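Enquirer: Can you keep this structure in mind? I'll have questions shortly.
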Amino acid sequence: MARFWRNWLTIWCAAVILFGVTLLLGGIPATAAPVFALLDLLNGAAPLDITPALYFANGVLGGVTIGWGVGRWARCASRPIWAIRDGGSGAGRWRACSPGS
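Numbering (the working numbering), first residue to last: 29 to 129.
This is how it looks when you write it as C-alpha coordinates:
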(Lines of atoms letter the chains of each structure in order from A and count residues from 1; the text may use other names and numbers.)
(Lines give C-alpha, C1' and ligand atoms only; values in the text may rest on other atoms or scores of the structure.)
Protein backbone atom coordinates (compact mmCIF):
# COMPACT_ATOMS: atom_id res chain seq x y z
CA MET A 1 0.00 0.00 0.00
CA ALA A 2 1.27 3.47 -0.80
CA ARG A 3 2.55 5.50 2.13
CA PHE A 4 -0.16 8.14 1.56
CA TRP A 5 -3.00 5.62 1.90
CA ARG A 6 -1.39 3.86 4.86
CA ASN A 7 -1.13 7.22 6.66
CA TRP A 8 -4.66 8.20 5.61
CA LEU A 9 -6.19 4.99 6.94
CA THR A 10 -4.17 5.21 10.16
CA ILE A 11 -5.42 8.76 10.78
CA TRP A 12 -8.98 7.72 9.92
CA CYS A 13 -8.83 4.78 12.34
CA ALA A 14 -7.44 7.05 15.08
CA ALA A 15 -10.33 9.47 14.51
CA VAL A 16 -12.88 6.63 14.74
CA ILE A 17 -11.28 5.37 17.97
CA LEU A 18 -11.27 8.91 19.41
CA PHE A 19 -14.95 9.31 18.52
CA GLY A 20 -15.66 5.98 20.22
CA VAL A 21 -13.86 7.16 23.36
CA THR A 22 -15.99 10.30 23.31
CA LEU A 23 -19.17 8.22 23.10
CA LEU A 24 -17.92 5.89 25.80
CA LEU A 25 -17.32 8.84 28.13
CA GLY A 26 -20.94 9.84 27.50
CA GLY A 27 -21.97 6.56 29.12
CA ILE A 28 -20.31 7.43 32.42
CA PRO A 29 -22.32 10.00 34.43
CA ALA A 30 -19.22 11.68 35.88
CA THR A 31 -17.77 12.42 32.42
CA ALA A 32 -20.96 12.80 30.37
CA ALA A 33 -21.44 16.60 30.64
CA PRO A 34 -19.38 17.57 27.54
CA VAL A 35 -20.95 14.81 25.46
CA PHE A 36 -24.47 15.81 26.49
CA ALA A 37 -23.67 19.47 25.78
CA LEU A 38 -22.76 18.44 22.23
CA LEU A 39 -25.88 16.28 21.92
CA ASP A 40 -28.00 19.17 23.20
CA LEU A 41 -26.48 21.44 20.56
CA LEU A 42 -27.16 18.90 17.82
CA ASN A 43 -30.67 18.15 19.14
CA GLY A 44 -32.05 21.51 18.07
CA ALA A 45 -34.89 23.28 19.86
CA ALA A 46 -36.25 20.20 21.62
CA PRO A 47 -34.92 19.63 25.14
CA LEU A 48 -32.55 16.71 25.56
CA ASP A 49 -34.14 14.00 27.68
CA ILE A 50 -31.27 12.45 29.66
CA THR A 51 -32.31 9.00 30.87
CA PRO A 52 -30.41 5.91 32.02
CA ALA A 53 -31.09 4.44 28.59
CA LEU A 54 -29.14 7.31 27.00
CA TYR A 55 -26.13 6.59 29.25
CA PHE A 56 -26.36 2.91 28.33
CA ALA A 57 -26.67 3.61 24.60
CA ASN A 58 -23.67 5.95 24.65
CA GLY A 59 -21.59 3.39 26.50
CA VAL A 60 -22.48 0.54 24.17
CA LEU A 61 -22.03 2.60 21.01
CA GLY A 62 -18.71 3.91 22.30
CA GLY A 63 -17.39 0.42 22.94
CA VAL A 64 -18.57 -0.84 19.56
CA THR A 65 -17.05 2.16 17.77
CA ILE A 66 -13.70 1.69 19.53
CA GLY A 67 -13.72 -1.99 18.59
CA TRP A 68 -14.59 -1.17 15.01
CA GLY A 69 -11.75 1.34 14.73
CA VAL A 70 -9.19 -1.01 16.29
CA GLY A 71 -10.37 -3.91 14.14
CA ARG A 72 -10.24 -1.87 10.95
CA TRP A 73 -6.78 -0.56 11.86
CA ALA A 74 -5.49 -4.08 12.53
CA ARG A 75 -7.04 -5.37 9.32
CA CYS A 76 -5.68 -2.63 7.11
CA ALA A 77 -2.26 -2.53 8.81
CA SER A 78 -1.63 -6.25 8.32
CA ARG A 79 0.10 -7.65 5.27
CA PRO A 80 -1.94 -10.70 4.28
CA ILE A 81 -0.95 -13.21 1.64
CA TRP A 82 -3.12 -11.63 -1.09
CA ALA A 83 -1.20 -8.36 -0.74
CA ILE A 84 1.93 -10.27 -1.63
CA ARG A 85 0.20 -12.01 -4.55
CA ASP A 86 -1.02 -8.73 -6.11
CA GLY A 87 2.47 -7.25 -6.00
CA GLY A 88 1.98 -5.32 -2.78
CA SER A 89 -0.33 -2.76 -4.40
CA GLY A 90 -2.96 -3.29 -1.73
CA ALA A 91 -5.77 -3.92 -4.22
CA GLY A 92 -6.58 -7.28 -2.64
CA ARG A 93 -6.56 -5.73 0.83
CA TRP A 94 -8.92 -3.01 -0.35
CA ARG A 95 -11.32 -5.59 -1.82
CA ALA A 96 -11.17 -7.60 1.43
CA CYS A 97 -11.97 -4.51 3.54
CA SER A 98 -14.77 -3.28 1.26
CA PRO A 99 -18.18 -4.94 1.50
CA GLY A 100 -19.73 -6.16 -1.71
CA SER A 101 -16.52 -6.45 -3.70
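Beta carbons: idealized from backbone N, C-alpha and C, even for Gly. Note that the structure is a prediction, hence the values are computed from the model and not measured.
What's the call for residue 93, buried or exposed, on a 16-neighbour Cβ count within 10 Å?
Expert: Numbered from its first residue, the sequence shown carries residue 93 at position 65. Buried.
Enquirer: Got a sec, what are the start and stop residues for the alpha helix (DSSP H) residue 58 sits in?
Expert: The residue given as residue 58 occupies position 30 in the sequence shown. First-last for residue 58: undefined, no H or E at that position.
Enquirer: By DSSP, does residue 68 sit in helix, in strand, or in coil?
Expert: The residue given as residue 68 occupies position 40 in the sequence shown. Helix at residue 68.
Enquirer: I'd like to confirm something about residue 34: is its beta-carbon nearer than 8 Å to some heavy atom of the ligand ATP, or not?
Expert: The model depicted lacks the ligand ATP and carries no ligand whatsoever.
Enquirer: If I follow the unbroken alpha helix (DSSP H) through residue 74, where does it start and stop?
Expert: Walking along the sequence shown from the start, residue 74 turns up at place 46. That residue, residue 74, is in no alpha helix (DSSP H); it is neither H nor E in DSSP.
Enquirer: Under three-state DSSP, which class holds residue 30?
Expert: In the sequence shown, the residue the question calls residue 30 occupies position 2. Of the three classes helix, strand and coil, the one that applies to residue 30 here is coil, per DSSP.
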